[in-house]
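In the working numbering, the protein residues as written are 527 to 603.
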């Protein structure tokens, strides 16, 4: 019977001659979108069948601090 090894080692694989490239970084200037207020928020409400009109009014009042009448006006526009 001949003794044959199940695996053999031929040495470590060759290292590729590749140098890492640093990522390109682009600095963006901050733009003034000109919303007219200094408040850092936007309110987006979707017209759907899940939320009632009363819930929409309540969320507008909560998010913007406006009166209920102002919130109703915003909801209709």
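Positions of the beta carbon are idealized from the N, C-alpha and C atoms, including for glycine.
Here the structure is a predicted model, which means the values were calculated and not measured.
What does the Cβ neighbour count give for residue 616, buried or exposed, with the cut at 16 atoms within 10 Å? This structure leaves residue 616 out entirely; the chain is present only between 527 and 603.
Rounded to the nearest angstrom, what separates residue 574 and residue 585 at their Cα positions? Taking the chain shown and counting its residues from 1, the one referred to as residue 574 is at position 48. Taking the chain shown and counting its residues from 1, the one referred to as residue 585 is at position 59. Cα-Cα distance, rounded: 14 Å.
As assigned by DSSP and simplified to three states, the class of residue 570: Residue 570 sits at position 44 when you count from the first residue of the chain shown. Coil.
So the candidates are 571, 577, 576 and 578; which of them puts its Cα closest to the Cα of residue 600? As a position in the chain shown, residue 600 is number 74, starting the count at 1. It is 571 whose Cα lies nearest to the Cα of residue 600.
Rounded to the nearest angstrom, what separates residue 596 and residue 587 at their Cα positions? Here residue 596 refers to the residue found at position 70 when the chain shown is read from its first residue. Here residue 587 refers to the residue found at position 61 when the chain shown is read from its first residue. Cα to Cα, the separation comes out at about 8 Å.
How many angstroms separate the CA atom of residue 589 from the CA atom of residue 576? Here the question's residue 589 lines up with position 63 in the chain shown. Here the question's residue 576 lines up with position 50 in the chain shown. Taking the straight line from one Cα to the other gives about 19 Å.
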